[in-house]
Structures are given as structure tokens and as C-alpha cells.
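Asks: My questions will all concern the structure given below.
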Amino acid sequence: MAETRTKLASVDPVWDRITSEAREAVQNEPLMGGLIHACILHHKTLDKALSYRIAAKLSSNEMSMAILREIADQAFSDTPELIQAARADLVAIYERDPACHRLLQPVLYFKGYQAVQAYRVGHWLWMQGQRDLAYFFQMRISEIFGVDIHPNARIGKGIMIDHAHSIVIGETAVVGDNVSMLHSVTLGGTGKEEEDRHPKIDDGVLIGAGAKVLGNIRVGHCSRVAAGSVVLADVPACKTVAGVPAKIVGDAGCDQPATNMNQSLKGCDYSD
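Here is the structure:
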């Protein structure tokens with residue numbers, strides 16, 4: 185088994201590219217050598233690097249880095265889908281964010297990427313029945329990254345959360361694959377209901393900055409939610425909604441708005 189893992193690691197083009205970029209970064213900026221070696225070059229695989237990065241960011245006097253790293257290592261070992269999702273998230277950011285020029289950047293610097301990978305470990309803990317540890321992860325992710333995702337929320341792969349400031353995703357929220365959202369997005373409830381009370385975001389949806397999607401409603405696949413909108417009712421697939429409260433103002437504008445990242449509402453109809 186160990187030999188198989190070594191062979192797989194040696195033909196991992198994503199990790200090979202990250203380590204190549206890391207070596208180049210050290211050469212160009214020697215003062216970053218300590219950080220880059222600790223986070224990237226001292227590790228043989230992406231999962232080990234992510235375990236280190238998550239533990240380093242979330243550790244405190246209340247929970248040591250060694251314990252957190254052991255938890256993350258166990259999560260990635262037991263559930264390979266977590267690393268598959270981490271890879272898909274990484275590629276999504278590289279392809280959609282014009283400020284991302286290297287695969288190295290999200291792993292080292294982008295709090296949206298790091299927060300989502302830490303959430304994935306917290307969700308794994310929740311599903312294992314280790315609820316208090318999961319809540320600890322939620323607390324530290326919120327404190328460190330400004331991203332508050334309940335560990336019971338379900339989030340797909342290929343996720344990009346750009347800037348990732350003041351993101352809130354509630355306990356019964358579901359986010360599909362290949363979703364993009366910007367800062368200050370809330371997927372929340374509308375009151376004190378205790379059952380299924382949060383939004384369901386289908387695949388390929390783009391949610392603009394500051395948008396609030398509230399209640400047990402569905403945003404259909406490949407739709408767009410304009411920046412600053414408050415969505416209180418279901419959104420059909422492949423539509424654009426905008427306003428407070430949000431209404432349909434046009435089609436989504438393309439087949440894959442979350443990938444295209446076009447947030448312009450040119451041509452949309454705001455008339456009542």
C-alpha cells in the first residue's frame with residue numbers, strides 16, 4: 185500500500201506543479217523560504233500539505249497544532265473524496281479568479297480556499313459523530329478566516345469563494361458542485377425553525393457579493409444571484425435574479441455562470 189501511494193504521488197501533476205511553483209517562489213523571494221518549505225516543500229503529497237496548513241492556521245492555546253494535524257490527516261486518509269474536492273476547488277479558483285496566477289497561491293494565501301478545506305475536515309468530524317470537535321473547527325474557521333460554515337452543511341466540489349469575507353452558511357444548507365460566490369454572502373434561515381430551514385444551491389450557480397439567500401428555498405442550476413440581492417423564493421434554473429426582494433430579471437446569460445464569472449446585468453429587465 186505504501187509503495188502504491190508513493191507511485192501515485194510521483195505522478196501527481198497537480199502536486200508536481202505546486203512544488204515546482206514553490207521552488208521558483210523561494211528562488212525569487214528567499215525571505216519566503218521558511219514559510220514555503222514548511223507549508224509545501226517539506227511534504228510529499230497535497231493532503232499532507234493541507235493537513236499542515238489547516239493545523240497551523242487553526243491551532244491555539246486551546247488546541248495544539250499536533251492534535252489538529254492528526255485529525256486532518258485522519259480525515260484525508262479515511263475519506264479520499266476530501267482531497268478530490270480540494271483538488272477540484274483548487275482548479276476552480278485557478279480557472280475563475282483572474283488574481284490567481286499559480287496553483288500555489290490558494291494553498292498559501294487564499295483564505296476562501298483554506299476555510300473550505302478546513303470546513304471539510306469539520307464536516308467529516310460531524311459525520312463521525314464528533315460534534316464538539318466539529319463545533320471547535322467551525323469556531324476557529326470563523327475566528328481566523330471570517331467564514332462561518334456550520335459543520336452539518338453540505339458543500340460540493342469545485343467551489344470558489346472569492347475574497348471570502350463574512351461568508352455565512354447555515355446548518356441545513358446544501359451547496360452543489362461548481363458553485364462560485366463572492367464575499368458577504370449569507371445562506372441563512374428566516375426565523376427560529378429547527379428543521380430543514382436553509383437554502384439549497386444547485387450546481388453551477390453564481391452568487392454575487394453581499395447577496396442573502398434565506399429560507400428553505402432552491403436556487404436552480406446555472407442561475408445567477410446579483411450582488412446585494414435578497415432571495416426569499418425559489419429561483420428557476422438558468423435565470424438571473426436581482427433586487428430586494430429578488431425577482432427574475434433575465435436569463436443567466438451563459439451556460440455556466442459560475443465558471444464564466446460574468447456579473448454584469450446588461451440586458452436584464454428591471455421593469456415591474
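Quick note on the working numbering: the sequence shown kicks off at 185 and runs consecutively.
Note that the Cβ used here is the ideal one computed from N, Cα and C, for glycine as well.
Rounded to a whole number of angstroms, what is the C-alpha to C-alpha distance between S326 and I333?
Replies: Taking the first residue of the sequence shown as 1, we reach residue 326 at position 142. Taking the first residue of the sequence shown as 1, we reach residue 333 at position 149. Spanning the two alpha carbons is a distance of roughly 8 Å.
Asks: Can you tell me where the alpha helix (DSSP H) holding T203 begins and where it ends?
Replies: Taking the sequence shown and counting its residues from 1, one reaches residue 203 at position 19. Element bounds for T203: P197 to N212.
Asks: If distances are taken between C-alpha atoms only, which option among R315, A239, D418 and A430 comes closest to A299?
Replies: Start at 1 with the first residue of the sequence shown, and residue 299 comes out as number 115. Per the Cα distances, A239.
Asks: Between the C-alpha atoms of M323 and G306, what's the straight-line distance to the nearest angstrom?
Replies: By one-based count along the sequence shown, residue 323 stands at place 139. By one-based count along the sequence shown, residue 306 stands at place 122. Their backbone Cα atoms lie some 10 Å apart in a straight line.
Asks: Tell me the rounded alpha-carbon separation between A259 and E265.
Replies: As a working note, residue 259 is residue 75 in the sequence shown. As a working note, residue 265 is residue 81 in the sequence shown. Cα to Cα, the separation comes out at about 10 Å.
Asks: Provide the residue span of the beta strand (DSSP E) that contains T370, from first to last.
Replies: Translated into positions along the sequence shown, residue 370 becomes position 186. T370 -> beta strand (DSSP E) spans T370 to G372.
Asks: Going by Cα to Cα distance, which pick from D439, L287 and G342 is closest to A269?
Replies: Taking the sequence shown and counting its residues from 1, one reaches residue 269 at position 85. Ranking the options by Cα distance to A269, first place goes to G342.
Asks: What is the DSSP secondary structure of R338, reduced to helix, strand or coil?
Replies: For this step, residue 338 is matched to residue 154 along the sequence shown. R338: strand per DSSP, three-state reduction.
Asks: Rounded to the nearest angstrom, what separates A357 and N212 at their Cα positions?
Replies: Your numbering for residue 357 matches position 173 in the sequence shown. Your numbering for residue 212 matches position 28 in the sequence shown. Their Cα atoms are separated by approximately 43 Å.
Asks: Grab me the residues of A272's own chain with a C-beta within less than 6 Å of its C-beta, minus the 5 sequence neighbours each way, in chain order.
Replies: Here residue 272 refers to the residue found at position 88 when the sequence shown is read from its first residue. If we look at A272 and ignore the five residues flanking it on each side, its Cβ neighbours are K341 and G342.
Asks: Measuring straight from C-alpha to C-alpha, what distance separates Y236 and P290?
Replies: Translated into positions along the sequence shown, residue 236 becomes position 52. Translated into positions along the sequence shown, residue 290 becomes position 106. If you take the alpha carbons of Y236 and P290, they lie about 14 Å apart.
Asks: Rounded to whole angstroms, how far is the Cβ of G372 from the Cβ of H382, which I believe are closer than 8 Å?
Replies: Within the sequence shown, residue 372 is the residue found at index 188, counting from 1. Within the sequence shown, residue 382 is the residue found at index 198, counting from 1. Indeed they touch by this definition, with Cβ atoms about 7 Å apart.
Asks: Hey, quick one: how far does the beta strand (DSSP E) through G434 stretch, first residue to last?
Replies: Indexing the sequence shown from 1 puts residue 434 at position 250. K431 to D435 is the span of the beta strand (DSSP E), which, as asked, contains G434.
Asks: For I345 versus G412, is the C-beta distance shorter than 8 Å?
Replies: Taking the first residue of the sequence shown as 1, we reach residue 345 at position 161. Taking the first residue of the sequence shown as 1, we reach residue 412 at position 228. Not in contact: I345 and G412 (Cβ atoms no closer than 8 Å).
Asks: Tell me, to the nearest whole angstrom, how far the beta carbon of L449 is from that of A410; I am working on the premise that it is less than 8 Å.
Replies: The count along the sequence shown starts at 1 and reaches residue 449 at position 265. The count along the sequence shown starts at 1 and reaches residue 410 at position 226. Sure, about 6 Å apart at Cβ, within 8 Å.
Asks: Check whether the Cβ atoms of G392 and V363 sit closer than 8 Å, and answer yes or no.
Replies: Counting from 1 along the sequence shown, the entry for residue 392 is found at position 208. Counting from 1 along the sequence shown, the entry for residue 363 is found at position 179. Going by C-beta atoms, G392 is not nearer than 8 Å to V363.
Asks: Per DSSP, which residues does S364 bridge with? Please list them.
Replies: On the sequence shown, position 180 is the one that residue 364 refers to. According to DSSP, S364 bridges with M344 and L390.
Asks: Starting from the C-beta of A337, find all residues in its chain whose C-beta is less than 6 Å away, skip the five residues before and the five after it, and write them out in chain order.
Replies: Position 153 of the sequence shown, counting from 1, holds the residue named residue 337. If we look at A337 and ignore the five residues flanking it on each side, its Cβ neighbours are I353 and A357.
Asks: What does a CB cutoff of less than 8 Å around L192 pick up in its chain, not counting 5 residues either side in sequence?
Replies: The count along the sequence shown starts at 1 and reaches residue 192 at position 8. Per-residue confidence for L192 stands at a pLDDT of 47, beneath the threshold of 50, marking its modelled position as unreliable; no derived number is given.
Asks: Within the same chain, show all residues whose beta-carbon is closer than 7 Å to that of N446, passing over the 5 residues directly before and after it, in chain order.
Replies: Within the sequence shown, numbered from 1, the residue matching residue 446 stands at position 262. Within the same chain, N446 has close Cβ partners G437 and C438.
Asks: Any heavy atom of the ligand NAD closer than 7 Å to the CB of V397?
Replies: By its list of ligands, the structure shown contains no ligand whatsoever, and the ligand NAD lies outside what it can speak to.
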